[in-house]
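Student:
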Amino acid sequence: MEDGRIKNSRIRVSSVRPSTSASGEQARLRKNIPTWGAWCPDTSGADELSADEYIEVDLLAPTKITAIATQGREYNNANQLFRKYILSFSNDGRTWHFYNKDDGSKPFKGAKV
1 MEDGRIKNSR
11 IRVSSVRPST
21 SASGEQARLR
31 KNIPTWGAWC
41 PDTSGADELS
51 ADEYIEVDLL
61 APTKITAIAT
71 QGREYNNANQ
81 LFRKYILSFS
91 NDGRTWHFYN
101 KDDGSKPFKG
111 AKV
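Take 1 as the starting number for the sequence shown in full-length UniProt numbering and just add one per residue.
1) Could you tell me which residues DSSP puts in a beta bridge with residue 88?
2) Determine the extent of the beta strand (DSSP E) in which residue 16 is found, giving its start and end residues.
3) Kindly indicate the opening and closing residues of the beta strand (DSSP E) around residue 55.
4) Could you tell me the alpha carbon to alpha carbon distance between residue 14 and residue 102, rounded to whole angstroms?
5) Who pairs with residue 80 in a beta bridge, going by DSSP?
6) Nearer than 7 Å: is that true of the beta carbon of residue 71 relative to any heavy atom of the ligand COA?
7) So who's on the other strand from residue 7, going by DSSP bridges?
Shown next, in the form of structure tokens:
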């Protein structure tokens, strides 16, 4: 995603923080875009630790993913990040399956401070 080969139209997010430009295309690595510098989900009225927020990337065809990199939001001296995440995949966009690490657990460690 970082290099732009995946078009913005193929990045879908569950929500966007109101009154911001923090949309899905800002979920790319090293895209510290003013004024938000990251995708920021709408957590208003919800538990800040909600697991219901997601980024969906349409790869158009079954694709082997060999690595995933994450980063927190750094723009404007912000220090915001997530500590864990889960991965799921679908071949049809309707039926989703969780990816499990070798030890069987679902959560992956997220960005570090």
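No residue lacks a Cβ here, since even glycine has one placed at the ideal position from N, Cα and C.
Tutor: Checking against the coordinates, here is how it stands:
1) Here residue 88 refers to the residue found at position 88 when the sequence shown is read from its first residue. Note: residue 88 sits in a beta bridge opposite 98.
2) Locating residue 16 in the sequence shown gives position 16, where the first residue counts as 1. Segment: none, residue 16 is in no beta strand (DSSP E) and carries neither H nor E.
3) By 1-based counting over the sequence shown, the position of residue 55 is 55. Run containing residue 55: 55-57, per the beta strand (DSSP E) assignment.
4) Counting from one through the sequence shown, the residue named residue 14 turns up at place 14. Counting from one through the sequence shown, the residue named residue 102 turns up at place 102. Each residue's Cα considered, the two are about 28 Å apart.
5) Taking the first residue of the sequence shown as 1, we reach residue 80 at position 80. DSSP, once it has assigned bridges, lists 73 as partnering residue 80.
6) Among the ligands in the structure shown, none appear at all, so the ligand COA cannot be discussed.
7) In the sequence shown, residue 7 corresponds to position 7, counting from 1. Per DSSP, none; premise fails for residue 7.
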